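When we follow my numbering, the leftmost residue of the sequence shown carries the number 9, and every step to the right adds one.
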Amino acid sequence: MVVIITGASDGIGAELARQWAQRDGATLSLVLAARSEDKLDEVARQCQALGAATLVRRCDVEREEDCQALIHAALGAFGAIDVLVNNAGMSAHALFDQVKDLAWYQRLMQINLWGAAWCTQAALPAIKASRGRIVAVSSLAGLLGIPGRTAYSATKFAMTGFFEALRTEVSSHGVSVTIAYPGVVDTQIRYRGFNAQGQPSGLSSLDERGAMTVQTCARLILDGTLARERDIVMTTRGKLGRWLKLLVPAMVDRMAMRALKQEQRPQ
Numbered sequence: 009m010v011v012i013i014t015g016a017s018d019g020i021g022a023e024l025a026r027q028w029a030q031r032d033g034a035t036l037s038l039v040l041a042a043r044s045e046d047k048l049d050e051v052a053r054q055c056q057a058l059g060a061a062t063l064v065r066r067c068d069v070e071r072e073e074d075c076q077a078l079i080h081a082a083l084g085a086f087g088a089i090d091v092l093v094n095n096a097g098m099s100a101h102a103l104f105d106q107v108k109d110l111a112w113y114q115r116l117m118q119i120n121l122w123g124a125a126w127c128t129q130a131a132l133p134a135i136k137a138s139r140g141r142i143v144a145v146s147s148l149a150g151l152l153g154i155p156g157r158t159a160y161s162a163t164k165f166a167m168t169g170f171f172e173a174l175r176t177e178v179s180s181h182g183v184s185v186t187i188a189y190p191g192v193v194d195t196q197i198r199y200r201g202f203n204a205q206g207q208p209s210g211l212s213s214l215d216e217r218g219a220m221t222v223q224t225c226a227r228l229i230l231d232g233t234l235a236r237e238r239d240i241v242m243t244t245r246g247k248l249g250r251w252l253k254l255l256v257p258a259m260v261d262r263m264a265m266r267a268l269k270q271e272q273r274p275q
């Protein structure tokens with residue numbers, strides 16, 4: 009099985025690679041992509057120790073040419089693609105009335121939506137040939153609008169719409185599309201995400217008590233991908249919020265507000 013994982017240098021992507029290597033060992037070929045080659049090399053060594061073949065590829069999904077080169081490199085090395093995991097992404101937190109320049113909103117959309125779309129477009133012929141799997145790592149912020157996350161929620165709602173539509177288009181080719189919706193996971197993504205000025209925030213705006221471990225998140229994505237599940241909503245609160253949004257949307261708004269730290273809530 010040939011698996012491409014973007015955003016594989018740390019966090020969910022790196023752990024997913026390790027768990028997949030532990031599960032499939034020598035029958036697995038992993039293509040690990042991210043901007044940080046030194047971190048990718050370390051993840052590759054860990055996966056090789058578990059028996060997997062690996063290819064490390066520097067890839068900035070903000071650049072279409074990098075996405076296309078990643079897919080071409082994977083096909084050149086292994087001759088096929090069975091799974092594409094669109095995991096690379098950026099976070100952001102800013103109250104909209106505090107944002108003066110929306111340029112970084114556009115950049116965030118390019119990273120989170122267009123990066124996944126470019127990789128998927130380049131890989132799709134090979135995935136059709138293998139009757140393979142496409143995975144999009146979205147967020148609960150792609151199901152529920154979260155205050156302070158107008159930019160991030162917009163990108164993740166866009167991902168949800170794109171991949172839900174694609175799912176129907178490719179189903180007759182035996183290709184499955186799985187969308188994962190993690191909640192708060194114990195990673196550094198929120199600390200690196202954009203603040204109102206478009207700079208790394210250095211802090212998390214969310215109440216992180218009870219955050220899901222990265223190991224649990226990766227396991228749920230792996231299990232759901234192999235089972236060709238449509239959606240992986242990872243928390244009870246997320247599953248409940250999805251349905252309450254249809255029945256009592258104002259309650260969901262209050263739930264979303266309570267997810268923020270007190271000092272990060274709009275006044």
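A virtual CB, placed ideally from N, CA and C, is assigned to each residue, including glycine.
In this text, all values refer to a predicted model and were calculated from it rather than measured experimentally.
Beta-carbon proximity of residue i to residue j, cut-off 8 Å
{"i": "A25", "j": "V51", "result": "yes"}
{"i": "E70", "j": "I20", "result": "no"}
{"i": "F165", "j": "G150", "result": "yes"}
{"i": "E72", "j": "W126", "result": "yes"}
{"i": "A102", "j": "G156", "result": "yes"}
{"i": "L48", "j": "S99", "result": "no"}
{"i": "D90", "j": "V10", "result": "yes"}
{"i": "T168", "j": "F104", "result": "no"}
{"i": "V143", "j": "L92", "result": "yes"}
{"i": "V192", "j": "A226", "result": "no"}
{"i": "S180", "j": "R141", "result": "no"}
Host beta strand (DSSP E) of residue i (start-end)
{"i": "V11", "result": "10-14"}
{"i": "D109", "result": "No beta strand (DSSP E) holds D109; DSSP gives it neither H nor E."}
{"i": "A235", "result": "Element bounds for A235: n/a, residue is neither H nor E."}
{"i": "R31", "result": "Segment 19-32 is the alpha helix (DSSP H) holding R31; no beta strand (DSSP E) there."}
Among the options, nearest to residue i - alpha-carbon criterion
{"i": "V241", "options": "T168, D68, S179, L148", "result": "L148"}
{"i": "G182", "options": "Q223, R139, K164, V145", "result": "R139"}
{"i": "A29", "options": "A61, D46, S44", "result": "A61"}
{"i": "V107", "options": "N203, R245, L228, W122", "result": "N203"}
{"i": "A81", "options": "G201, R66, L152", "result": "R66"}
{"i": "N94", "options": "A188, R236, L152, S179", "result": "A188"}
{"i": "R13", "options": "L228, A137, V145", "result": "It is worth fixing the name first, because residue 13 is Ile in this sequence and not Arg. Of L228, A137, V145, the residue nearest in Cα terms is V145."}
Rounded straight-line distance, which links the Cα of residue j to that of residue i
{"i": "R175", "j": "L116", "result": "24 Å"}
{"i": "G97", "j": "G15", "result": "7 Å"}
{"i": "E134", "j": "Q54", "result": "Contrary to the premise, residue 134 reads as Ala rather than Glu in this sequence. Taking the straight line from one Cα to the other gives about 27 Å."}
{"i": "T186", "j": "A130", "result": "18 Å"}
{"i": "Q3", "j": "R43", "result": "No statement about residue 3 is possible, as the shown extent of the chain runs from 9 to 275 and does not include it."}
{"i": "T35", "j": "Q223", "result": "22 Å"}
{"i": "V39", "j": "L78", "result": "9 Å"}
{"i": "S161", "j": "Q27", "result": "28 Å"}
{"i": "A57", "j": "G33", "result": "9 Å"}
{"i": "K136", "j": "T128", "result": "11 Å"}
{"i": "Q272", "j": "G153", "result": "Note that Q272 scores a pLDDT of 49, beneath 50, so its modelled location is shaky and nothing firm can be said."}
{"i": "T243", "j": "D109", "result": "34 Å"}
Environment of residue i [buried if 16+ CB atoms lie within 10 Å]
{"i": "R238", "result": "exposed"}
{"i": "T221", "result": "exposed"}
{"i": "D231", "result": "exposed"}
{"i": "A124", "result": "buried"}
{"i": "T233", "result": "buried"}
{"i": "T163", "result": "buried"}
{"i": "A41", "result": "buried"}
{"i": "P190", "result": "buried"}
{"i": "G87", "result": "exposed"}
{"i": "G201", "result": "buried"}
Range covered by the alpha helix (DSSP H) that runs through residue i
{"i": "R157", "result": "Unbroken run through R157: none, as it is neither H nor E."}
{"i": "S138", "result": "123-138"}
{"i": "A77", "result": "72-86"}
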